[in-house]
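Protein chains in written order, with the working numbering: chain W, 1 to 403; chain D, 1001 to 1127; chain B, 2001 to 2089.
Report on the following structure.
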Amino acid sequence: MNEFVERLVDLRWPDHVRPSYDVVIIGGGGHGLATAYYLATRHGITNVAVIEKGYIGSGNSGRNTTIIRANYGIPEAVRFYQHSLEMYGQLEQETGRDLMHATKGLLWIAHSEAGVRQERARAEINTAFGSRTEYVDVKTISEICPQLDMTGQGVWPIYGASYHPAGASARHDRVVWAYAEGAMRLGVHVHQRTTVTGFLRDGDRVTGVQTTAGPIGGGLVVSAVGGHVTTLASMVGLRLPIRTHQLQAFVTNRYAQAFGPIVASSGLGVYVSQTAKGEMLVGAEVDRAPAYAYDSGHSFLRSCAFRSIALLPFLRDLRVLRQWTGVCDMSTDYSPVMGFTGVPNLLVTTGWGTWGFKAIPAGGEQMAALIATGRTPPLIAPFALERFANDRTMADRGSAGTH
Amino acid sequence: MRALERMLFTRVVATPAAIDRAVWPTGALVLRIAQDEVLAAGTVDLGAVPDQHAIVEPETAFCGAWVDHKSGIQFLEHACDWELPAERPAFAQGAVAGIPVKVWFEAERILFLVPVPFVIDFAERWS
Amino acid sequence: MTVRRLRIQCPHCGVRAIEEFLHGEIPTIPERVVDPDARDLDRAFMHTNAEGLVTERWFHAMGCRRWLTLTRDTRTNDIPERTTSYPPS
């Protein structure tokens, strides 16, 4: 893919803010920019503004652990994430950018009988609904990842795993830039360092946003905000099934050997992969108390290091290079919330919790289709906000609060 | 440290006022683990607690070990991130080496009380 | 470099690291939600998720094993020490 590398990203920043746009998207992360990109490329809708309070990709799009997978636990999610995974596979070709997309395979490890049942169920459901995951025994596991301690330090023995060969990763900044570049080339306005402070209303209807750069009218307003969506929604009296939690991760210094797959364990609540630079990337579950803070804690580092070493003893000899925190919108049923809100002209794409990065292409494409046609595409219909009122929640053990 | 041994306590749950006024056996070890709850060594007579709704039940879920004051403090100083009490006698509870432990400080010696499921972990972390 | 440790002042046990406690929420349903079904829906699924000071419950799992009530700033995780109360108000 080296032919893509030489060309600098060509971001055409707007020199003015229009009084109004057909579509105003709040949030210049992956989801907001992908929505703008697909509006422009698939539907010819280019009178679009993306409003970002920091710089593009400065929120969770730049803080996630970049894992792409489709091995979810319910049919609706498997279909959606499989579509997104396939779109990622084409994205370098489509955008002409090297996104450092690499297929690595993902092992999800079971340390108990219950875990084995869960991983077997995952493999069956994935296969039945269009993704590919197989249950593998301990012998195959140690062939795929010889560094694993199959005894789990005598405490977390490995009984089996599900293996998802299509598990991949990509460079998060480059994904954000590729979408921003593609959207801006077609005339989408991206306004950085502009904060939304309120909504413009006409009766019930949302008619635009109030910002630090003045009022901006919008035919439709879409919240693609990460972390602060309930605060935004409360400005129009909208209640959402969302809590915001901190999620921490760290990378070590370079591990000299190649570490092929992505390794995850629900039992231990950690997942480990190797970055393109050779650092080992370790992430964990969200912190339990809701918070918007970006502080990183020593106790996380201690417990996460302890648990990851139980899986991969070689990590013991590495050093922690960086640690950081993102804030995740966790929905009540651990599935995303996409589409209409009940407030006329206001749409949301939220609840991306700890699984937002892998959903960027499909989330953006489907939201764009919804905006352009006014109808909810079948792929995302199960994820509508109204599912909570209709007793159709999408509780997914396959997402389970890690990556 | 010496092996942790099962200790018999009586768990008393009652109003804070009743616990303040309760008559405990002379010289008995009485640990105020919450405002409305004590662990008292040995057996306690129901009539000794002036609260008609008091719960008085035998409690066998703790193992304990007495250690000399110096080595107890030495261990606590690197196993706790909270401030140790200065007065004697004193009671304190909290995470010790990551384990929920109750500690009774006397002038010459210290009692460590560990819930039974953590006894092996605690003994390992002591060494 | 100093490592910031989050701590809670337990009214019975004293100041302890936040890891000794479990978090518990006090659900808040806005008064303007009056329809009983809407209130049930809100109680089951919706969250205020306040960005700022929240009053909440914490259980001192490794100490007195009692719930206490305190105020925490979700933007910073700061817990003004004097706001802890016990038993819960």
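By construction, the Cβ of each residue, glycine as well, lies at the ideal position given by its N, Cα and C atoms.
Here the structure is a predicted model, which is why all the values come from computation and not from measurement.
According to DSSP, which residues form a beta bridge with TYR135 (chain W)?
Partner(s): W:SER162.
Buried or exposed: GLU113 (chain W), going by 16 or more other Cβ atoms within 10 Å of its Cβ?
Exposed: under 16 other Cβ atoms inside 10 Å.
In its own chain, which residues sit with a C-beta less than 8 Å from the C-beta of HIS111 (chain W), not counting the 5 before and 5 after it?
Excluding sequence neighbours, HIS111 (chain W) sits near GLY152, TRP156, PRO157, ILE158, TYR159, SER265, GLY267, LEU268.
In the DSSP assignment, the alpha helix (DSSP H) including GLU94 (chain W) goes from what residue to what residue?
75 to 95 is the span of the alpha helix (DSSP H), which, as asked, contains GLU94 (chain W).
Look at the alpha carbon of SER61 (chain W) and the alpha carbon of ILE2008 (chain B), and state the distance between them as a whole number of angstroms.
C-alpha separation (whole angstroms): 32 Å.
List, from N- to C-terminal side, the alpha helix (DSSP H) runs of 4 residues or more that fit wholly inside the stretch 2028 to 2069 of chain B.
Correct list: 2036 to 2045.
The alpha helix (DSSP H) spanning ILE371 (chain W) covers which residue range?
Here the alpha helix (DSSP H) through ILE371 (chain W) covers 360 to 373.
Under DSSP, the beta strand (DSSP E) around SER265 (chain W) begins and ends at which residues?
Start and end: 262 to 265.
Using CA atoms only, rank isn't needed, just tell me which of B:CYS2010, B:LEU2022, B:GLY2024, B:ASN2077 is closest to GLY2052 (chain B).
That would be B:ASN2077, whose Cα lies nearest to the Cα of GLY2052 (chain B).
Quick one: what's got a C-beta closer than 6 Å to GLY313 (chain W)'s C-beta in the same chain, skipping five residues either side?
Before going on, a small fix: residue 313 (chain W) reads as Pro here, not Gly. Closer than 6 Å at Cβ, skipping near neighbours: ASP149.
Taking Cβ-Cβ distances below 7 Å as the criterion, which residues of the stretch 1090 to 1120 of chain D are in contact with chain B?
Here the close residues are GLN1093, GLY1094, ALA1095, PRO1100.
If you reduce the DSSP assignment to three classes, tell me which class PHE388 (chain W) lands in.
Of the three classes helix, strand and coil, the one that applies to PHE388 (chain W) here is coil, per DSSP.
Any contact of the stretch 227 to 239 of chain W with the stretch 275 to 284 of chain W, i.e. 3+ C-beta pairs under 8 Å?
Output reads no: the stretch 275 to 284 of chain W does not touch the stretch 227 to 239 of chain W.
Under the rule that 16 or more other beta-carbon atoms within 10 Å means buried, what is GLN414 (chain W), buried or exposed?
Missing from the structure shown is residue 414 (chain W); chain W here goes from 1 to 403 and no further.
Of all the CB atoms in chain D, is at least one closer than 9 Å to the CB of ALA2017 (chain B)?
Output row for ALA2017 (chain B): interface = yes.
So, for LEU240 (chain W): in the same chain, excluding its five sequence neighbours on each side, which residues have a beta-carbon less than 6 Å away from its beta-carbon?
Taken in chain order, the residues that qualify are THR230, ALA233.
As an exercise, report each continuous beta strand (DSSP E) stretch of at least 3 residues that is fully enclosed by the stretch 153 to 208 of chain W, in chain order.
Listed in chain order, they are 160 to 164, 189 to 191, 196 to 202.
Between the C-alpha atoms of LEU247 (chain W) and ARG1021 (chain D), what's the straight-line distance to the nearest angstrom?
Taking the straight line from one Cα to the other gives about 48 Å.
What first and last residue would you give for the alpha helix (DSSP H) that runs through CYS304 (chain W)?
Unbroken alpha helix (DSSP H) run through CYS304 (chain W): 298 to 311.
What is the DSSP secondary structure of MET2001 (chain B), reduced to helix, strand or coil?
Residue placement at MET2001 (chain B) cannot be trusted, given a pLDDT of 46 that sits under 50; the coordinates are not used to answer.
With burial defined as no fewer than 16 other Cβ atoms inside 10 Å of the residue's Cβ, what is the status of ARG375 (chain W): buried or exposed?
So ARG375 (chain W) ends up on the exposed side.
Does GLY297 (chain W) get closer than 9 Å to chain B when you measure Cβ to Cβ?
Cβ-Cβ to chain B under 9 Å: yes for GLY297 (chain W).
Can you check whether the CB of VAL286 (chain W) is closer than 9 Å to the CB of GLY353 (chain W)?
Contact flag set, yes.
Can you look up ASP149 (chain W) in the DSSP assignment and give me helix, strand or coil?
Correct three-state label for ASP149 (chain W): coil.
Can you name the residues of chain B whose CB is closer than 9 Å to the CB of ILE74 (chain W)?
None at all; the shortest Cβ gap to chain B is about 17 Å.
Taking 8 Å as the threshold, find out whether the stretch 163 to 172 of chain W comes into contact with the stretch 119 to 139 of chain W through three or more Cβ pairs.
Yes, the stretch 163 to 172 of chain W touches the stretch 119 to 139 of chain W.
Listed from N- to C-terminal order along the chain, which residues in the stretch 1017 to 1049 of chain D have their beta-carbon within a distance smaller than 7 Å of any beta-carbon of chain B?
Listed by position along the chain: ILE1033, ALA1034, GLN1035.
Run through chain B and tell me which residues come within less than 8 Å of TYR292 (chain W), C-beta to C-beta.
Near TYR292 (chain W) (Cβ distances below 8 Å), the residues of chain B are GLU2051, THR2074, ARG2075.
Could you tell me the distance, in whole angstroms, from the CA atom of TYR255 (chain W) to the CA atom of GLY30 (chain W)?
Near 29 Å, if we compare the C-alpha coordinates of GLY30 (chain W) and TYR255 (chain W).
Which same chain residues, not among the five before or five after PHE1122 (chain D), have their C-beta less than 6 Å away from its C-beta?
Excluding residues within five positions, the ones whose Cβ falls inside 6 Å are ILE1099, VAL1114.
Taking all protein chains shown into account, decide if TRP13 (chain W) is buried (16 or more other Cβ within 10 angstroms of its Cβ) or exposed.
Under this definition TRP13 (chain W) is an exposed residue.
Quick check on DSSP: helix, strand or coil for PHE1112 (chain D)?
In the structure shown, PHE1112 (chain D) sits in a strand (DSSP, three-state: E or B).
Please report whether the beta-carbon of TRP1082 (chain D) lies at a distance below 9 Å from any beta-carbon of chain B.
Yes, contact with chain B.
Which word fits TYR334 (chain W), buried or exposed, when buried means at least 16 other C-beta atoms lie within 10 angstroms of its C-beta?
When all chains shown are included, TYR334 (chain W) counts as buried.
I need the boundaries of the beta strand (DSSP E) containing GLU52 (chain W), first residue and last residue.
Careful: GLU52 (chain W) lies outside any beta strand (DSSP E) and carries neither H nor E.
List, in order along the chain, the chain B residues whose C-beta lies closer than 7 Å to that of PRO241 (chain W)?
Going along chain B in sequence order, the residues near PRO241 (chain W) (Cβ under 7 Å) are PHE2045, MET2046, HIS2047.
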